[in-house]
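These notes concern the structure reproduced below.
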Amino acid sequence: MLLLPHNLYFHIPFCAQKCNYCAFYSHACKKPDWDKYLNEILGEIEFWHKKIGQIEIPTIFFGGGTPSLMPENILEKIISAIGEKFSITPDCEISLESNPGTIDENKLSDFKSMGINRLSVGIQSLDDETLKFLGRIHNANQAIDLLNNAKKLGFNVSADFMYGLPNQSVTDVKNFCKKINELGLNHCSMYELSIEPNTPFYRMNLQMPDNETMAQMYESIDKTLDLPRYEVSNYATPGFECKHNQNIWDGEPYIGFGRGAAGRPFINGTWYEQIGNNEKFEPISARERDVEKIITGMRTTRGVKITDDIDKILNAEFIKSNPDLLVIENDRIKTTKKGLLILDEILLDLIEL
Ligand code: SF4
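Per the numbering used here, the very first residue in the sequence shown carries number 6; after that it's consecutive.
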């Protein structure tokens, strides 16, 4: 049996309170039943160990929700179960998403000693009024303290920020980027605020920037941030990209653990669409998987490697007639800066269905 390495994603769906814009699968919960959740996760680890064997694990990602709410003993048990059932590579990237106000220096240090080596901090804004408006539980100083503590402890640190807020101008976004530059990060993600159904923001009739302004904001981020962009929303010093996400965008196999977590395991030569350990587990064709690979890979600046199978899916005529949107370099197809702004439209023509 061919056993490829698999990346692991663990979904921790609890938050201290729900943010006003959030449509992620997460619940505001003062006292989550951690033992119950741990047992579910341990059951899933056992399930996948039996199904797929002692695979190598190049990356592990704890996402949420707010994984930094996890008590130390719960995280420790999950990591040791992964180590027992699978083979964690020596240079495995182990990331954990965190929110300021949910983790102090002691807990952070404990997480570090358990093997977490990359901390992603949800900050969103560096302005206290805006943080309140977004429904965040922390202020800007708490966020900066968490970044500094994490750096001091030797984590690879990333931060998430949000732009395109109601009444925000392009100049505001530029000034925001200048403040982000002062934080001295090696990685950050910049997400455009989108108003999702079933959120408090959806019911508030907010005055959002128009599409043209959003596009100008996006360009000004590219120009103002000190870090180069390596994916639609992600910026990093070369060498500090998130390995977990890179692997998934490149089309490598991964398994999702925890309620609602999705994966794409590869077992005995077949790709599967997976959610949890029994919510969904269905084979998908190699072609479907290649289409997914093109969709995620084209979001990255390194693009997609043109293998024979990928070549069969790409619309050669469309590529040839749109050199301002798409380029081919060293057997890889990529979008130009202009192409990236209309990526969704390009994908419709690029992929032969
Ligand atoms: S902390 Fe993150 S997952 Fe939790 S409610 Fe806020 S945005 Fe959603």
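Glycine included, every Cβ here is placed at the ideal spot set by N, Cα and C. Just so it is clear, the structure is predicted and the values come from calculations on it, not from any experiment.
In the DSSP annotation of this structure, Gln212 is not part of any beta strand (DSSP E), being labelled neither H nor E. Residue environment: Lys90 is assigned as buried (16 or more neighbouring CB atoms within 10 Å of its CB, all protein chains considered). The DSSP assignment places 12-17 as complete runs of the beta strand (DSSP E) inside the region 10-66, in order along the chain (cut-off: 3 residues). The distance from the Cβ of Leu139 to that of Gln147 is about 14 Å, inconsistent with a contact at the 8 Å cut-off.
In terms of Cβ geometry, Ala86 and Ile50 form a close pair [threshold 8 Å].
Not one heavy atom of the ligand SF4 sits closer than 7 Å to the Cβ of Cys247. A direct Cα-Cα distance of roughly 23 Å separates Ile84 from Phe245. Gly69 carries a strand assignment under DSSP once its states are collapsed to helix, strand and coil. Only residues of its own chain outside the window of five on either side were considered, and among them Val162 have a CB closer than 7 Å to the CB of Lys156, listed in chain order. Closer than 7 Å to some heavy atom of the ligand SF4: that describes the Cβ of Cys27.
Judged by beta-carbon spacing, Asp231 lies beyond the 8 Å limit of Asn282, meaning their Cβ atoms are not closer than that value.
Going by beta carbons, Pro10 and Pro95 fall outside the 8 Å limit.
For the 8 Å CB-CB criterion, Gly268 and Tyr14 form a contact.
Burial state of Gln212 is exposed, judged by a 10 Å Cβ sphere holding fewer than 16 other Cβ atoms. Residue pairing by DSSP places Tyr207 opposite no residue, since no beta bridge is assigned to it. The way I'd put it, the region 19-34 does touch the region 64-79; three or more beta-carbon pairs between them come closer than 8 Å. Within 7 Å of the C-beta of Cys193 there is not a single heavy atom belonging to the ligand SF4.
Across the structure, Lys137 and Glu61 are spaced so that their CA atoms are roughly 43 Å apart.
Every unbroken stretch of the beta strand (DSSP E) spanning 3 or more residues and falling wholly within the region 256-325 is given here in chain order: 259-262, 275-280 and 285-289. Inclusion of Cys24 in the 7 Å shell around the ligand SF4 follows from its C-beta lying nearer than that to a non-hydrogen atom of the ligand. Val126: member of the beta strand (DSSP E) spanning Arg123 to Gln129, first to last residue.
The beta carbons of Gly159 and Lys117 sit closer together than 8 Å. By the beta-carbon neighbour count (other beta carbons within 10 angstroms, threshold 16), Met219 is buried.
Annotated three-state conformation of Ser85 is helix, per DSSP. Counting C-beta atoms within 10 angstroms of its own C-beta, Ile347 has fewer than 16 neighbours from the protein chains shown and is therefore classed as exposed. Taking a C-beta distance under 8 Å as the contact criterion, Met209 and Ser238 do not qualify as a contact pair.
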